[in-house]
Amino acid sequence: MKKSVFAAAVVASFVASNIAKAEPQAEVLHWWTSGGEAKSVAVLQKEFADNGGTWTDMPVAGGGGDAAMTALRARVLSGNAPTAVQLKGPAIQEWYEEGVLADISAVAEEKGWDTVLPASIAGHMKCEGSWCAAPVNVHRVDWIWANADVLEANGIAMPNTWDEFNAAADKLQAAGVIPLAHGGQAWQDATVFEAVALGLGGPEFYQQALVDLDPAALQSDTMIAVFDQMRKLRGYVDGNFSGRDWNLATAMVMNGEAAFQIMGDWAKGEFLAAGKAPGEDFLCSSTPGNGYLYVVDSFAMFDVDGDDKKAGQNLLADLIMGPNFQEVFNLNKGSIPARTDVALDKFESCAHTSAADMAASSDEGSLLPSYAHGMALRGAQAGAITDVVTAHFNSDMSSADAVKMLADAVANSL
Ligand code: GAL
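Numbering-wise, this note's numbering puts 419 at position 392 of the sequence shown, and it's gapless, one number per residue.
The structure is reproduced here in structure tokens:
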């Protein structure tokens, strides 16, 4: 008995020292390919290389990550999972249930992640109590971005209600400006939809409809009003919106072709990467209404063979949660750090608004997970909702038909 315990200890220490000596390798699957996103992920690549790691990049273009998730599925099914994957929310749990995730608790516990993360964020990173993902940031989804000069030239202030938004958009349209820069991709429609649902319905409605999937909320008059507003917004979009990438829509606001964009604060990463200043070149404000829709980007490690890959996973996990990385990455990305102990001194005003609103909404119980960005629902339910939202936005479907279809689609996905 004693002998075998001794033998096991020898093996364990041999494995540990081999991992320690192994040169960290990581093939990293992500969808950060726009200007601001690429600048952000480059921070991690550099830190990884500076610490002796070899990074194999596996970018899969496509905002919101749909294409990346398809690529991931194919790789895992063929028994060749990437080392580290940009993965978030319930999808982390879904992959955990498939038994394909690596446990990064050793790093998390050694570095005391529990003491520097808000409990709600830590909760997304744990699978049955063990750590299965490392968070990089907190993005806010419910933002409106605007071209400051365009608004000024047209005597328009940032809207505080959806009626004000519509009035501003009518005025801009009459002046020959595209009111709303939008890319016709399903996830972008969903992004706008959830901001409208939160704004018109309020946090409780959002929770009931898009988190709890309450059939009554899904078919309510409030949901009809949400689709009515989506129809209005469709009228403020230019004719070429179909298939346009989100960052190209941001560029339309930047160059004054359009006035507003409703998009998460990764759009701010684009403005900043282009040298634009908040308050001068572009304006930010939360979309009309109360509450805060959050996205926490994170990386999960997949179960892979090889000490070099395991060493790469441990190094990556450690770097991702490092205070320096959390600062520099988020300065570029448009988000705020997931760690609560990173000072925001170097961040600009929109980030300060985000942090203050996040704290206030957490106190008020209106800090809510984004359904459109995979934080609130499992893939099947989120996909069912998005299909209806995008079908409505791209047709002349009535709001009454849309809510009926929505309730049916959700019921069938459960
Ligand atoms: C979100 C993601 C962001 C950003 C955005 C556009 O889902 O959380 O980090 O990448 O998609 O690609």
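Glycine is no exception: its CB is placed at the ideal position from the N, C-alpha and C atoms.
Same chain, Cβ closer than 6 Å to residue i, neighbours up to 5 away in sequence not counted
i    : result
Q353 : P364, R366, V369
S312 : I171, M185
A276 : A208, H209, G210, Q288
M402 : G116, V322, P396
V37  : Low confidence applies here, because V37 scores a pLDDT of 42, under 50, leaving its location unreliable; read the following figure in that light. Cβ neighbours of V37 beyond the five flanking positions: none.
I412 : none
P350 : V369
K336 : Q52, T110
Q200 : P206
S269 : G211
Residue i and residue j closer than 8 Å at C-beta
i    : j    : result
L56  : A95  : yes
P315 : T188 : yes
W59  : V68  : yes
G318 : Y233 : yes
A53  : T83  : yes
P162 : L404 : no
A294 : I205 : no
G63  : L299 : yes
V444 : V103 : A question about residue 444 goes unanswered here, because the residues of the chain that appear run from 28 up to 441.
Q408 : L240 : yes
I119 : H166 : no
A160 : F326 : yes
A236 : G229 : no
H400 : V168 : yes
D292 : S381 : yes
Length of the line joining the Cα atoms of residue i and residue j
i    : j    : result
A175 : K373 : 22 Å
M6   : D130 : Beyond the ends of the chain as shown, which are 28 and 441, falls residue 6; an answer cannot be given.
D453 : S105 : Residue 453 cannot be examined here, being either before or after the span of the chain that is shown, 28 to 441.
L178 : A184 : 7 Å
W273 : M279 : 10 Å
G262 : E375 : 33 Å
A49  : G80  : 10 Å
G296 : K360 : 5 Å
A109 : Q246 : In the sequence on display, residue 109 carries Pro and not Ala. Computed Cα separation, rounded: 41 Å.
A202 : N193 : 14 Å
V253 : V238 : 16 Å
A111 : Q212 : 26 Å
Y123 : C154 : 7 Å
E136 : A304 : 39 Å
S390 : D332 : For the record, residue 390 in the displayed sequence is Asp; it is not Ser. Whole-angstrom Cα-Cα distance: 44 Å.
D423 : T417 : 11 Å
E125 : G139 : 27 Å
S426 : D334 : 55 Å
M385 : G392 : 10 Å
A173 : N107 : 44 Å
T249 : L394 : 20 Å
L371 : A378 : 8 Å
E191 : Q340 : 49 Å
A244 : A438 : 13 Å
N282 : N181 : 16 Å
L320 : F220 : 12 Å
A149 : A344 : 14 Å
G266 : I251 : 25 Å
E121 : K198 : 46 Å
A146 : A383 : 17 Å
L114 : Q72  : 17 Å
S40  : G306 : Confidence is the limiting factor: at S40 the pLDDT is only 48, short of 50, which leaves the residue's position unreliable, though a coordinate-based value still follows. S40 and G306: Cα-Cα distance of roughly 56 Å.
G302 : D141 : 36 Å
Same chain only: Cβ atoms within 8 Å of residue i, ignoring 5 sequence neighbours per side
i    : result
G410 : S440
V223 : W189, V253, Q256, M257, L260, T314
N164 : V323, D324, Q353, F356, N357, K360, S362, I363, P364, A365
N78  : P51, L342, L346
Q215 : G90, G91, H209, W273, A276, M290
Same chain only: Cβ atoms within 7 Å of residue i, ignoring 5 sequence neighbours per side
i    : result
A76  : W82
V415 : A429, M432, L433, A436
S132 : S157, W158
E74  : L346, F352
K66  : A300, N359
F420 : D216, M257, R261
V264 : L207, H209
Within-8 Å CB hit, residue i to chain B
i    : result
A438 : No chain B is present in this structure, which holds just one protein chain.
Discussion item. For a minimum of 3 consecutive residues, which ranges assigned as the beta strand (DSSP E) are wholly contained in the region 111-159?
Written reply: 111-113
Worksheet item: What residues come near ligand 1, if near means a beta carbon less than 5 Å from any of its heavy atoms?
Response: G90, G91, W293, V322, D324, H400
Worksheet item: Can you list the alpha helix (DSSP H) stretches of 4 or more residues lying completely in the region 199-270, in chain order?
Response: 213-233, 242-245, 248-261
Worksheet item: What runs of the alpha helix (DSSP H), each 4 residues or longer, lie entirely inside the region 282-338?
Response: 293-300
Fill in: 4 or more residues per run - each alpha helix (DSSP H) lying fully within the region 47-78
62-77
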